[in-house]
Each structure stands twice: as structure tokens, then as C-alpha cells.
Amino acid sequence: MSKKARVFDIQEMMQNIRQTLENNKAAALQQEKPADETAESKKDESKENDDENDLIGPPIPLSLSPDSRTKTSDTSEEEKRNDSEDDEDEESSDDESPNKIPCTHEVIMTHGTKAVTAIAADPSGARLASGSVDYDVCFWDFAGMDSSMRSFRTLQPCENHPIKCLQYSTTGDMILVVSGAAQAKVLDRDGFEKCETVKGDQYLIDMSRTKGHTASLNSGSWHPFSKEQYLTCSQDSTCRIWVLNSPRCHKSLIRCRAQNGVKTIPTTCTYSRDGTVIACGCIDGSIQMWDQRKNFVTPWYCDCMWMHRWINSNVGSAKEFCDSFGFTWCTHTAH
């Protein structure tokens, strides 16, 4: 007779193995728990006994314990930090004066690739003019400007001469353009030429006999009330008053001279707020003023506080001079 092969149920065998393993693990955990508890209890008892043996006499006060000291030091450091932060906040609040111009928003308008040397806004604040050493004058209209922030007109009114000064008239319908040339120009609101001053004779020594400037201009200014009168100063050591309707000859001539009587070059010029005083800042550091109601022979005020101030350097020395200034609204002081 042939023997039958034995049949094994593999799934049943695997279940039996898993069950036995789980039972063994549970029994081992139950045996380990009481042993750990007894060991921990013994350690705690030994620590308590050691502490009791170490303490001799009355216990240490809480205020003198090391834990309390660390806590008090931490609190004192936090208080110092809070005090310093409060002081900084007070200083920053003092620095932030309400009279300062707010700088929360700004817009960048690109004139060109070179430095901008002159800028002017009309009295209404609707338009802006900018001049640069690249000979260009750009006109910006804020009302008609889009997101590209581009100027609506760019021109070269003085050919190949850098722009030094721009100023709108009191009515805002004309703009005075002063460049490195010897002739100033007056443009209308849209940039079209209205008039141009005449150029003087370079071969005449007496400046009163010439009808215009003989050297490059430095600055210019409109009269605060008369919309047809403006002022220019030049490297020829003179300031000239012009009338818009007669640009072929100056109205008045002012000679700028130092204390020793030698000619000095005016670097900037302006009118007072009421238009009665003309002020010039010269290259020798002096500020000279003339009253329009009198003859322009000698200035009635000459401040030479910077006359003998020198800047010493390794190369040499150079005098300080006034670059630009203006009168305050009280018409008694200039800055």
C-alpha cells in the first residue's frame, strides 16, 4: 500500500507563531514594570536620605537660594532691556518731527544717463522741468502722465551747453533756462522759445559798454512780482537785469567786487521775497546785496565771513564759495 503525503496548513502555523510571540512580549513587559518601580523608589529614598544628611541646622531662606537669584537676575535683565527699548522709542519719536516732509511714497522719473543739474516746478505744481549735463531739458506733466513716468517733451534749447539753472515765472507760463552759454533763454510752458538775451562784445574791457554777458552764465532768477523781469549772473563778474520785451540790451548792470576792489565772479543770484533786494553769492565766499531803489554802485550789505576760510589738502588749497541760497518768507534773512 502507498503512503499518503502529509498536508500542512501554512496560514494556521503562522498565526500560531504570531500569537505565541505576542504572549511572550506581554509577559516580559509585566515582569519588567515592577522591577523598574522598585528601583526608582529605592533611588528616591536614597536621595531624600542624602539630602537630609547634608542639611545641618535650619534650612536656607528662599530669597538666598541659587534658583531665586537666577530668576531675579533674569527679571532685572528683562527690565533693563525694556527700559532701553522705551528710551529708543522716545528718542525716535523726538526725532520724527511733524514738520518734516513725509517720505512714505516715492516715484522715480528717469531723465537720462547723466547727472541732473537743474530742476524746477511751476507754482501750481502740475508740471516739472529738469535739466542735465547732457544738454537736454525734459518737461513732465503730472496730470497727463501714465505709469511709464515719461516726459511729454525733451529738447536741447541751448545746443551743446549743459543746463545750470531752471526757474518758472510767478505765473507759471514761462521758464528761464540758464546754461553754460553766455545767453539765457526764456521758453513758454510747452517748451517753445520766447526770447534770447544778446551776447556781449568779448573785446571790450568795460562791461557797462556791452549789451550782454561775455562769458558763460552761472545762475538766474525771476522777479517775484514782475513777470517780465529776470536776473542773470555770469563768469564776466557781472549781474544783469533783463526785461522780457527787450532782450537786445540789459536794463541794469551790477558789478561784483571783493573787499580789495578786485573783480569777483558771482556764482548764484536771487531776488528777495518783496523784490526790493538783489543778492549774489560770489566765488570768494562773500554774499553781496543791493537795493533796487538805489544805484548799483556799492553793495549796501557784504558778508565776508567765508573770505579767509581755506580747505587744506595734500594737493593745495581752495576757497569755499556759495553755490545757491534763497530768502526766507520774512525777507530779512538769507540761507
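Position one of the sequence shown corresponds to residue 1 (the UniProt record's numbering), numbered consecutively onward. Built from N, CA and C at the ideal position, the CB exists for glycine as well. Note that the structure is predicted; figures quoted are calculated from it, not measured.
- Contact annotation: I175 and A215 have beta-carbon atoms that are not nearer than 8 Å.
- With respect to the C-alpha of K185, the residue from D141, D236 and V243 having the closest C-alpha is V243.
- Within its own chain, the residues whose Cβ lies closer than 7 Å to the Cβ of K251, once the five positions on either side in sequence are excluded, are I241, W242 and V243, listed in chain order.
- Here R255 is bridged, per DSSP, to T238.
- For D9, the number of other beta carbons within 10 angstroms of its own is below 16, and it is reported as exposed.
- In the DSSP assignment, M174 falls within the unbroken beta strand (DSSP E) covering M174 to S179.
- Under the three-state reduction of DSSP, Q288 is assigned to strand.
- Q167: member of the beta strand (DSSP E) spanning I163 to Y168, first to last residue.
- In this structure H105 is exposed. Its beta-carbon is surrounded by fewer than 16 other beta-carbon atoms within 10 angstroms.
- Below 8 Å, too few C-beta pairs join the segment 282 to 296 and the segment 123 to 143 to call them touching: fewer than three.
- In the three-state reduction of the DSSP assignment, L21 falls in the helix class.
- Per the Cβ contact rule, the segment 139 to 149 is not in contact with the segment 159 to 174 (fewer than 3 Cβ pairs under 8 Å).
- For L217, the number of other beta carbons within 10 angstroms of its own is at least 16, and it is reported as buried.
- A straight-line Cα-Cα distance of about 4 Å links C282 and P266.
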